[in-house]
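Residue numbers (this note's numbering): -10 to 530.
All C-beta atoms, glycine included, are put in the ideal place defined by N, C-alpha and C.
Down below is the structure, laid out as structure tokens.
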Amino acid sequence: MSKTSSRWPAVVVALVALVVMGRLCAMDFTWWDDNETIHHNPLLNPATWGTIGHYWTHAYMGLYVPVTYMVWTGLAAIARLPSPDDYGIALNPWVFHSANVLVHLVNALIVYLILHRVVKRDWAAAAGAMVFAVHPVQVEAVAWVSGMKDLLCGMFVLLAVWQYLGFAESRHRGRYIGALICTAVATLCKPTAVVTPVLLAVLDRWVVGRSWREVGRGVWAFVLVVLPCVVWSKWVQQVGPRGPMWGRPIVAMDALAFYFWKLVWPGKLAVDYGRNPAYVLSQWWWRVTCMVPVVVGIVVWRGKWRLSWAGAGVFVGGLLPVLGLTPFMFQAFSTTADHYLYLPMLGVALVVAGVVARWPTRGVGMAMGVVVGVLAIRSVVQAGYWEDDQTLDRHTLAVNPQSGVAHVNLAAALEYQFKLTGKEAFRDQAVEHLRTAISLNVNATLARENLATILIERGEIDEAIQLLIEGLAMADQLPDVERGNHAAPHYVLAAVLAKRGRYAEAAVQYRAALKDQPGNVQIQRDLAAVERKSTTTRASS
């Protein structure tokens, strides 16, 4: 096989990925984590050398991902706008979105190289790589600016796989060391890279064909490389609802069944499916969905085709940290999410390449062309939902009307529209969505805080006070790792209590705010003021 013969399929893969995902370059930021990670993150506004040092010595939002933040810091440095926009954002979202698309394009090419090394056929490898590049479940990781951590982690894990397979062919120690380095870097992009030894073991056994003893000798060093990530992730990562131990395998099997369905029929994709453990275990249908992975597993195993075993192993292995066998942060909303499939899609690509290589007929080629075309069109449509916050949130609610977080985010977007236009209809809609979020989830503290802020501006102080008290009481019952910083709502509550002449109660709230922000001079001054008024009031009475 000449270099020329393998170049054009790679070019086609790159072009297809760029055409399908390219429209995402012009999308806006969202408030699905992008506000905290990027556009309203004070450490990136502006970005400095100190920002990089901070993220190498601190976890943020329950994750230690310093390499990802190094990339974001560099992008923030070149994306600075002359002045903030109407939303107070001083960074150009096009720079960040274009970076996501570029990394995804690179990943599609690495997948092509991996598949080419496995099946030894140009267009078979290209078919698998194109499915990886344009499947609609990949849109979320590419469209979501905060999804860069999935893309970067995926890139370095894919490089580790490519290098390891090269080592298995040539026994070149440099490739082995390169794979180890890529694995280490991947863990600093996102903790899910801890699955790398599993993926390498699966490929070593069923693609390379070595014995399990030889596999163990090959991957043991990778286990040692990812162990520190396991430790620091356990230390810093926030966890979601733990749920009963007996229910975790059920949740995991249900998640696999859900993902299998989305692979075959990628319709109604959303950022929040509401498929959290409590919801799944309360339904009768988990008894059916749990059987789907069992049936698929039996069919794959009885097929006695090693490449299908490898593809299934890579797919399931890549999902292990987020299947619900151990609790994780996003499970408070849903165990399943599209961006969790980014790296596991290598397993799907492997099976596709294997099928085309095994049956290299014109009919199979035409069928794959139709499949890729349909997936590409569906991805273009899916990408359109990421145009802005309102479009994304409304689409999420169309798929999952019970999404409390989508109601809260949409309310925030509508409130911004009210402030920009002065049209009361936007604020009325925001209030409606916040009340819906509260009705869906009695622990919706953020919805209560946001609604209280609006009510204060409307002069409905008493209801606002009640909402803030309820929300803070719920937040105080959470574990410290999940509680977060609530200085702002404590401060707001203190201010409105002071306006009502309830100085002693206001002082309690100011002290609570100081616990979260002990160096805040303004809070200290306001506390001193209400304490004086409280003393005066008691003395006069």
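Local conformation of residue i per DSSP, three classes
i: S523; result: helix
i: Y49; result: strand
i: D469; result: Note that D469 scores a pLDDT of 48, beneath 50, so its modelled location is shaky and nothing firm can be said.
i: L33; result: strand
i: L314; result: coil
i: L270; result: helix
i: L80; result: strand
i: R69; result: strand
i: E404; result: helix
i: A44; result: According to the sequence as given, residue 44 is Tyr; it is not Ala. Y44: helix per DSSP, three-state reduction.
i: V54; result: coil
i: Q418; result: helix
i: V531; result: Past the edges of the chain, shown from -10 to 530, lies residue 531, and the structure says nothing about it.
i: E25; result: helix
i: L102; result: helix
Spatial neighbours of residue i in its chain, beta-carbon cut-off 6 Å, leaving aside the 5 residues before and after
i: A129; result: Checking the sequence shown, residue 129 turns out to be Glu, not Ala. Cβ neighbours of E129 beyond the five flanking positions: D327, H328.
i: A441; result: A453, L456, L457
i: G307; result: V184, L332, P333
i: F247; result: T325
i: A301; result: V289
i: I78; result: H28
i: A157; result: V197
i: K109; result: none
i: N398; result: W20, D382
i: L64; result: V84, F85, A88
i: K257; result: V388
Reference residue i, options the options, closest by Cα
i: E459; options: A484, A433, T442; result: A433
i: H422; options: A149, A436, V369; result: A436
i: P316; options: Y499, K223, T19; result: K223
i: Q152; options: I99, V131, P125, A182; result: I99
i: W133; options: I166, V108, W83, L154; result: W83
i: A149; options: A115, V214, L482; result: V214
i: V519; options: Y492, Q498, Q506, N509; result: Y492
i: L104; options: Q391, L335, A426, Q406; result: L335
i: L461; options: V481, G448, I450; result: V481
i: V92; options: V56, M137, G411, R110; result: M137
i: D22; options: S323, E494, V394; result: V394
i: T525; options: G490, V146, Q506; result: G490
Integer-rounded CB distance, given that residue j should sit under 8 Å from residue i
i: L252; j: V303; result: At roughly 13 Å, the Cβ-Cβ gap does not stay under 8 Å, so L252 and V303 are not in contact.
i: A484; j: S523; result: So it is not a contact: roughly 15 Å between Cβ atoms.
i: R69; j: P31; result: Not a contact, Cβ separation roughly 14 Å.
i: A259; j: V388; result: 4 Å
i: Y405; j: Y76; result: 6 Å
Proximal residues to residue i (C-beta, below 8 Å), its chain only, five neighbours per side dropped
i: Q513; result: L503
i: L533; result: A question about residue 533 goes unanswered here, because the residues of the chain that appear run from -10 up to 530.
i: E413; result: F407
i: P310; result: P180, T181, V183, V184, F317
Short Cβ contact (8 Å threshold) for residue i with residue j
i: T350; j: Y262; result: no
i: A241; j: L312; result: yes
i: W195; j: A299; result: yes
i: S135; j: T62; result: no
i: V90; j: L141; result: no
i: A426; j: A113; result: no
i: N96; j: M59; result: no
i: G51; j: V225; result: yes
i: N265; j: A175; result: no
i: H396; j: L386; result: yes
i: P125; j: L364; result: yes
i: A177; j: V54; result: One detail in the question is off: residue 177 reads as Leu in this sequence, not Ala. Cβ atoms of L177 and V54: closer than 8 Å.
i: L403; j: A419; result: yes
i: R106; j: G155; result: yes
i: V345; j: V353; result: yes
i: A116; j: V1; result: no
i: S368; j: V204; result: no
Sequence-distant residues of the same chain with beta carbon closer than 7 Å to residue i, five excluded per side
i: L219; result: What sits at residue 219 in the sequence shown is Val, not Leu. For V219, where only same-chain residues beyond five positions count, the Cβ hits under 7 Å are V183.
i: P468; result: Below a pLDDT of 50, predicted positions are generally treated as unreliable, and P468, at 48, falls in that range; the measurement from the model is reported next regardless. Hits under 7 Å: none found.
i: V285; result: F249
i: N81; result: A68, L70
Any C-beta of chain C under 8 Å from that of residue i
i: I239; result: Going by chain labels, chain C is absent from the structure shown, which holds only one protein chain.
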